[in-house]
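A.B. asks: Got a structure for you, questions after.
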Amino acid sequence: MEQAHSEAGEGRGARGAPFRFSPEPTLEDIRRLHAEFTSERDWDQFHQPRNLLLAMVGEVGEVAELFQWKSDCGSGPLAWSAAERKALGEELSDVLIYLVALAARCQVDLPQAVLAKMEINRQRYPVGLARGSARKYTELPRGTLLPEDPASGPGSPQGPEGERAGSTGEKAG
Numbered sequence: 001m002e003q004a005h006s007e008a009g010e011g012r013g014a015r016g017a018p019f020r021f022s023p024e025p026t027l028e029d030i031r032r033l034h035a036e037f038t039s040e041r042d043w044d045q046f047h048q049p050r051n052l053l054l055a056m057v058g059e060v061g062e063v064a065e066l067f068q069w070k071s072d073c074g075s076g077p078l079a080w081s082a083a084e085r086k087a088l089g090e091e092l093s094d095v096l097i098y099l100v101a102l103a104a105r106c107q108v109d110l111p112q113a114v115l116a117k118m119e120i121n122r123q124r125y126p127v128g129l130a131r132g133s134a135r136k137y138t139e140l141p142r143g144t145l146l147p148e149d150p151a152s153g154p155g156s157p158q159g160p161e162g163e164r165a166g167s168t169g170e171k172a173g
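Printed below as a string of structure tokens:
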């Protein structure tokens, strides 16, 4: 992927430089830290996939509350107070911690899953057809499920238009 494309759509930091995450901790570090934290408290018994998912959804709700009555204009959280930005960082951290814990419990290698999903999204949303459009891939001129998509395999749950049942048509961003 070209450098210009990798920075497209990313927030800008101080002095207009592209925002970049720090290299540490890694997802594996986060998994290990959370596993140690829960083990020390004997909380593993409460961390089945369903519990982790519901906890993560609750944390997403807390992130949503921070945005709930804010206007949709300007730079968003960059214009928030230091206390509001700190709260946002804490709630997003909770979401990430639970996401990593859920992936680990389900044995999903998130970095590899992201790479695979981005390739699917590149094929579903070709630049020439999707640029500037918020349409779902099935609404693009040649939008169809990909043969390698698990939803198109035998015995997969298909909706009336050949979509996965319950599919949200998410776009990676």
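To convert, note that position 110 of the sequence shown is 110 in full-length UniProt numbering; the numbers rise steadily by one, no gaps. The C-beta atom is built at its ideal place from N, Cα and C for all residues, glycine as well.
Specify the secondary structure class of Pro77 as computed by DSSP and reduced to three states.
C.D. replies: helix
A.B. asks: Comparing alpha-carbon positions, which option in Gln107, Ala113, Ala17, Glu59 lies nearest Gly89?
C.D. replies: Among Gln107, Ala113, Ala17, Glu59, the Cα nearest to that of Gly89 belongs to Glu59.
A.B. asks: I'd like to know if the stretch 24–33 and the stretch 90–101 are in contact, where contact means that at least 3 CB-CB pairs between them fall below 8 Å.
C.D. replies: yes
A.B. asks: Where does the unbroken alpha helix (DSSP H) through residue 253 begin, and where does it stop?
C.D. replies: In the structure as shown, the chain starts at 1 and stops at 173, and residue 253 therefore has no counterpart that could be examined.
A.B. asks: What does the alpha-carbon distance come out to for the pair Pro25 and Ser93?
C.D. replies: 12 Å
A.B. asks: DSSP three-state label for Thr26, please.
C.D. replies: coil
A.B. asks: Within the same chain, show all residues whose beta-carbon is closer than 6 Å to that of Arg124, passing over the 5 residues directly before and after it, in chain order.
C.D. replies: Hits under 6 Å: Tyr137.
A.B. asks: By the 10 Å Cβ neighbour count, where 16 or more other Cβ atoms means buried, how is Ala116 classified, buried or exposed?
C.D. replies: exposed
A.B. asks: Rounded to a whole number of angstroms, what is the C-alpha to C-alpha distance between Glu51 and Arg20?
C.D. replies: One point to set straight first is that residue 51 is Asn, not Glu, in the sequence displayed. Per the coordinates, the alpha-carbon of Asn51 lies some 31 Å from the alpha-carbon of Arg20.
A.B. asks: Determine, using beta carbons only, whether Arg31 comes closer than 7 Å to chain C.
C.D. replies: The question asks about chain C, but that chain is absent: this structure has only one protein chain.
A.B. asks: Taking a contact to mean a Cβ-Cβ separation below 7 Å, would you say Glu62 touches Glu36 in this structure?
C.D. replies: Between Glu62 and Glu36, the CB-CB gap reaches or exceeds 7 Å.
A.B. asks: Ends of the alpha helix (DSSP H) at Leu52?
C.D. replies: 49–67
A.B. asks: Buried or exposed for Met118, going by 16 or more other Cβ atoms inside 10 Å?
C.D. replies: exposed
A.B. asks: Can you give the beta carbon distance from Val105 to Pro18, rounded, assuming they're within the 8 Å contact cut?
C.D. replies: Sequence check: residue 105 is Arg here, not Val. That pair is no contact at about 33 Å.
A.B. asks: Distance check for Ala87 and Arg142, CA to CA, integer angstroms please.
C.D. replies: 43 Å
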